[in-house]
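Asker: Chains as they are written, first to last, in our numbering: chain A, 1 to 203; chain B, 1001 to 1203.
For glycine and all other residues, C-beta sits at the position ideal for the given N, C-alpha and C.
A single structure is presented below for examination.
2 protein chains.
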Amino acid sequence: MLQENDTEFRIKETARIIFQKNGFAGTKTRDIAEAAGINLALLNYYFRSKKKLYDLIMLETIHDFFGSIELVMNNESTTIYEKLVEFVNRYLDILSANKDMPMFIINEIKIDPHAFVSKIEVFKNVSDSVFVQQFKEEARIGNVPKINPIHLLMNLSSLVIFPFLASPLIEVVTHTSKSELEVIINERRRLIPLWIQSMLKVS
Amino acid sequence: MLQENDTEFRIKETARIIFQKNGFAGTKTRDIAEAAGINLALLNYYFRSKKKLYDLIMLETIHDFFGSIELVMNNESTTIYEKLVEFVNRYLDILSANKDMPMFIINEIKIDPHAFVSKIEVFKNVSDSVFVQQFKEEARIGNVPKINPIHLLMNLSSLVIFPFLASPLIEVVTHTSKSELEVIINERRRLIPLWIQSMLKVS
DNA sequence: GCAATAATTAAACAAATGATTTAATAATAT
DNA sequence: ATATTATTAAATCATTTGTTTAATTATTGC
Chain A
1 MLQENDTEFR
11 IKETARIIFQ
21 KNGFAGTKTR
31 DIAEAAGINL
41 ALLNYYFRSK
51 KKLYDLIMLE
61 TIHDFFGSIE
71 LVMNNESTTI
81 YEKLVEFVNR
91 YLDILSANKD
101 MPMFIINEIK
111 IDPHAFVSKI
121 EVFKNVSDSV
131 FVQQFKEEAR
141 IGNVPKINPI
151 HLLMNLSSLV
161 IFPFLASPLI
171 EVVTHTSKSE
181 LEVIINERRR
191 LIPLWIQSML
201 KVS
Chain B
1001 MLQENDTEFR
1011 IKETARIIFQ
1021 KNGFAGTKTR
1031 DIAEAAGINL
1041 ALLNYYFRSK
1051 KKLYDLIMLE
1061 TIHDFFGSIE
1071 LVMNNESTTI
1081 YEKLVEFVNR
1091 YLDILSANKD
1101 MPMFIINEIK
1111 IDPHAFVSKI
1121 EVFKNVSDSV
1131 FVQQFKEEAR
1141 IGNVPKINPI
1151 HLLMNLSSLV
1161 IFPFLASPLI
1171 EVVTHTSKSE
1181 LEVIINERRR
1191 LIPLWIQSML
1201 KVS
């Protein structure tokens, strides 16, 4: 057995895509087997059960999704604005390559918030991050309004993540094709940091 | 039979909540019956089938969700800023009373975009709305930057809707309780129009 | 008050769905 | 060559779930 057996790898990557798109209950082991071009029994042969395979993928996904926040937001040597730019670019990269990730994570939390918290508790609390500390200091000095930092985090996440959550909605409502929307989303790399900065001038 | 038979009404309202929370496939007729405190057979007695009941509720939900946009965004006698205020207040009202609505709509679109489009095609195209026309005119004059109006619509929707889509995520990441988050969301009635306005000063 | 219709119930049906296992075969490595 | 690993087709086995039936109770019109 190789450490990254070809078949094993193909099952996992296929399962990742399908699980992220349809969730645990919405996914049939037969779908995974068919999409991966492998025999159904091999799924259990390599991963013991559907649940074990799912848990494996979910942990990796959570790690990918939250791992970047940690690094960017707790960097002691960047300014607030630099962190905005870093955050936007990192997240647009991750989400562009993995469009179903936000919905997957949100559904996962919804199913069992308690179980989820226990899985990410290793990550540092975002509310205590260097980013939030820097924001509070600016607010103290009077450079930015004294609003709850959650607004800032929420606005930043909204502007970055929402297009991926709501892309089918947006496509329908604005009569925009997937490829046009992709172009528009990429314009946001430059625009979102500017927008967030200008929002911090009003209260 | 009364026009709004008590039992019939209770089934529909219970079904609305459960369908919006769990979707069609994720909902069992037995769940609805139990939650409504009625006998299982009554669901079929009043609504013929699970599918018919679901379709009924879905149409009403779509109507509630998109009906407000139409009115606000095509009002000839309000300014852009007045429309922002109207939009934010209307949507926060609807979504606060119906927190699972955005997720429900997005999932519904995902399942069958084509079928969904045919259900909302009665609504006027948002991209041709008075709101967007007014924005384009302001851009021509040079009062706002010449960006794709989709950015404006997307930012507005993001800031209003995202907190409801991602509330479980936000609660977990920022260690915020549901009631605290509710207070924060209500602060946004006043803030979002200001933010959007200030965003329109940069490009 | 009676008869017809409507509302409600418990129980059964049935049909599919879908994860997992088994036992046999092929491939690979020692 | 043989022991281990990988792969396959088929069966199993439990369960879930929407729907119907047939009997009972409540309501309404006359």
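1. Determine which residues of the stretch 1156-1171 of chain B have a Cβ less than 8 angstroms from any Cβ of chain A, and write them out in chain order.
2. When the Cα of Tyr-993(B) is compared with those of Arg-1016(B), Ile-1062(B), Pro-1193(B), Arg-1189(B), which residue comes out closest?
3. Cβ of Phe-204(A) within 7 angstroms of Cβ of Tyr-54(A)?
4. Under 6 angstroms Cβ to Cβ from Asp-1100(B), same chain only, skipping five residues before and after it: list those, please.
5. Please list, in chain order, the chain B residues whose beta carbon lies closer than 7 angstroms to that of His-63(A).
6. Considering only C-alpha positions, which residue in the set Leu-1095(B), Ile-1032(B), Asn-1143(B) is nearest to Ser-1157(B)?
7. Is the CB of Met-199(A) under 7 angstroms away from at least one CB in chain B?
8. Using a 10 Å radius around the Cβ and a threshold of 16 neighbouring Cβ atoms, would you call Ala-1036(B) buried or exposed?
9. Short check: CB of Ile-185(A) to CB of Pro-102(A), under 7 angstroms?
10. Can you tell me which of the three DSSP states Lys-1051(B) falls into?
11. At which residues does the alpha helix (DSSP H) containing Thr-174(A) begin and terminate?
12. On the DSSP letters alone, give me the boundaries of the alpha helix (DSSP H) that Leu-1084(B) sits inside.
13. Find the residues of chain A that neighbour Ser-1127(B), judging by a C-beta separation of less than 9 angstroms, and give them in chain order.
14. Glu-180(A) to Asn-1148(B), Cα distance in whole Å?
15. Taking 6 angstroms as the limit between beta carbons, can you name the residues of its chain near Leu-159(A), skipping five residues before and five after?
16. What residues from chain A crowd round Ile-1105(B), counting only those whose CB sits closer than 7 angstroms?
17. Please list the segments of the alpha helix (DSSP H) lying wholly inside the stretch 13-70 of chain A, counting only runs of 4 or more residues, in order along the chain.
18. Does the beta-carbon distance from Ile-1120(B) to Ile-1062(B) come in below 7 angstroms?
19. Give the DSSP-derived three-state secondary structure of Lys-1178(B) in the structure shown.
20. Would DSSP call Asn-107(A) helix, strand or coil?
21. What's the gap between the Cα of Asp-31(A) and the Cα of Glu-1076(B)?
22. Where does the unbroken alpha helix (DSSP H) through Phe-1123(B) begin, and where does it stop?
23. Taking Cβ-Cβ distances shorter than 7 angstroms, what residues in chain B pair up with Leu-153(A)?
24. So, is Leu-1040(B) buried or exposed, given that buried needs 16 or more other C-beta atoms within 10 angstroms?
25. Could you have a look at Glu-1076(B) and say whether DSSP puts it in helix, strand or coil?
26. Does Leu-71(A) have its Cβ less than 7 angstroms from a Cβ in chain B?
27. Which residues in the same chain as Met-1073(B) place their Cβ atom closer than 6 angstroms to its Cβ, once the five residues preceding and following it in sequence are excluded?
28. Quick one: measure Cβ to Cβ for Val-1117(B) and Val-172(A), integer angstroms, because I've assumed they're closer than 8 angstroms.
29. From this set, Thr-1014(B), Val-1202(B), Trp-1195(B), which residue's C-alpha is nearest Val-1085(B)'s C-alpha?
30. Taking Cβ positions, are Lys-201(A) and Ser-1198(B) nearer each other than 7 angstroms?
31. If you compare alpha carbons, which of Gly-1142(B), Phe-1066(B), Leu-1169(B) is closest to Ile-111(A)?
32. In whole angstroms, what separates the C-alpha of Leu-59(A) from that of Ile-18(A)?
33. If I'm right that Glu-70(A) touches Lys-124(A) with Cβ under 8 angstroms, what's the distance once you round it to whole angstroms?
34. CB-CB under 7 angstroms to Phe-66(A), same chain, minus the five flanking residues each way: which ones, in chain order?
35. Quick check on Asp-6(A): does DSSP put it in helix, strand or coil?
Answerer: Quick look at the numbers:
1. Ser-1157, Ser-1158, Leu-1159, Ile-1161, Phe-1162, Pro-1163, Leu-1165, Ala-1166, Pro-1168, Leu-1169, Ile-1170, Glu-1171
2. Missing from the structure shown is residue 993(B); chain B here goes from 1001 to 1203 and no further.
3. As displayed, chain A neither begins before 1 nor continues past 203, which places residue 204(A) out of reach and without an answer.
4. As a first step, residue 1100(B) is located in the second sequence; it is residue number 100 there, counting from the start. Around Asp-1100(B): Gln-1020, Lys-1021.
5. Position 63 of the first sequence holds residue 63(A). Neighbours of His-63(A) on chain B: none; closest Cβ ~14 angstroms, over 7 angstroms.
6. As a working note, residue 1157(B) is residue 157 in the second sequence. The shortest C-alpha separation from Ser-1157(B) is found at Leu-1095(B).
7. Along the first sequence, one-based indexing puts residue 199(A) at 199. Closer than 7 angstroms to some Cβ of chain B, the Cβ of Met-199(A) qualifies, so yes.
8. Residue mapping note: residue 1036(B) aligns to position 36 of the second sequence, counting from 1. Buried, since its Cβ has 16 or more Cβ neighbours within 10 Å.
9. Position 185 of the first sequence, counted from the first residue, corresponds to residue 185(A). Position 102 of the first sequence, counted from the first residue, corresponds to residue 102(A). Cβ atoms of Ile-185(A) and Pro-102(A): not closer than 7 angstroms.
10. Residue mapping note: residue 1051(B) aligns to position 51 of the second sequence, counting from 1. Note: Lys-1051(B) maps to helix in three-state DSSP.
11. Residue mapping note: residue 174(A) aligns to position 174 of the first sequence, counting from 1. 167-174 is the span of the alpha helix (DSSP H), which, as asked, contains Thr-174(A).
12. Start at 1 with the first residue of the second sequence, and residue 1084(B) comes out as number 84. Where Leu-1084(B) is concerned, the enclosing alpha helix (DSSP H) stretches over 1080-1096.
13. In the second sequence, residue 1127(B) corresponds to position 127, counting from 1. Simply Val-173, Thr-174, His-175, Thr-176.
14. Within the first sequence, numbered from 1, the residue matching residue 180(A) stands at position 180. Within the second sequence, numbered from 1, the residue matching residue 1148(B) stands at position 148. Going by the C-alpha atoms only, they are around 11 angstroms apart.
15. Sequence index remark: in the first sequence, residue 159(A) carries index 159 (1-based). Cβ neighbours of Leu-159(A) beyond the five flanking positions: Ile-192.
16. For the purposes of this step, residue 1105(B) is taken as the residue at position 105 of the second sequence. Those within 7 angstroms of Ile-1105(B) in chain A are Leu-169.
17. 29-36, 40-47
18. Start at 1 with the first residue of the second sequence, and residue 1120(B) comes out as number 120. Start at 1 with the first residue of the second sequence, and residue 1062(B) comes out as number 62. It is a contact, given that the beta carbons lie within the stated cut-off.
19. Residue 1178(B) sits at position 178 when you count from the first residue of the second sequence. It is helical.
20. Locating residue 107(A) in the first sequence gives position 107, where the first residue counts as 1. Here Asn-107(A) sits in helix by DSSP.
21. Residue numbering aside, residue 31(A) sits at position 31 when the first sequence is read from its first letter. Residue numbering aside, residue 1076(B) sits at position 76 when the second sequence is read from its first letter. Rounded to the nearest angstrom, the two C-alpha atoms are 51 angstroms apart.
22. For this step, residue 1123(B) is matched to residue 123 along the second sequence. No alpha helix (DSSP H) contains Phe-1123(B), which DSSP labels as neither H nor E.
23. Looking up residue 153(A) in the first sequence gives position 153. Here the neighbours are Thr-1174.
24. Residue mapping note: residue 1040(B) aligns to position 40 of the second sequence, counting from 1. Result: exposed.
25. For the purposes of this step, residue 1076(B) is identified with residue 76 of the second sequence, where counting begins at 1. Coil, per DSSP.
26. Residue numbering aside, residue 71(A) sits at position 71 when the first sequence is read from its first letter. So, not an interface residue.
27. The count along the second sequence starts at 1 and reaches residue 1073(B) at position 73. Around Met-1073(B): Ser-1129, Phe-1131.
28. Within the second sequence, numbered from 1, the residue matching residue 1117(B) stands at position 117. Within the first sequence, numbered from 1, the residue matching residue 172(A) stands at position 172. About 6 angstroms; that satisfies the 8 angstroms criterion.
29. Translated into the one-based positions of the second sequence, residue 1085(B) becomes position 85. If we check each option's Cα against that of Val-1085(B), Trp-1195(B) comes out closest.
30. Mapped onto the first sequence, residue 201(A) falls at position 201. Mapped onto the second sequence, residue 1198(B) falls at position 198. Yes, these two residues count as a Cβ contact at 7 angstroms.
31. In the first sequence, residue 111(A) corresponds to position 111, counting from 1. The option with the nearest alpha carbon to Ile-111(A) is Leu-1169(B).
32. Locating residue 59(A) in the first sequence gives position 59, counting from the first residue. Locating residue 18(A) in the first sequence gives position 18, counting from the first residue. Cα to Cα, the separation comes out at about 15 angstroms.
33. Walking along the first sequence from the start, residue 70(A) turns up at place 70. Walking along the first sequence from the start, residue 124(A) turns up at place 124. So it is a contact: roughly 6 angstroms between Cβ atoms.
34. For the purposes of this step, residue 66(A) is identified with residue 66 of the first sequence, where counting begins at 1. Here the set comprises Ile-120, Phe-123.
35. For the purposes of this step, residue 6(A) is taken as the residue at position 6 of the first sequence. The answer is helix: DSSP assigns Asp-6(A) an H, G or I state.
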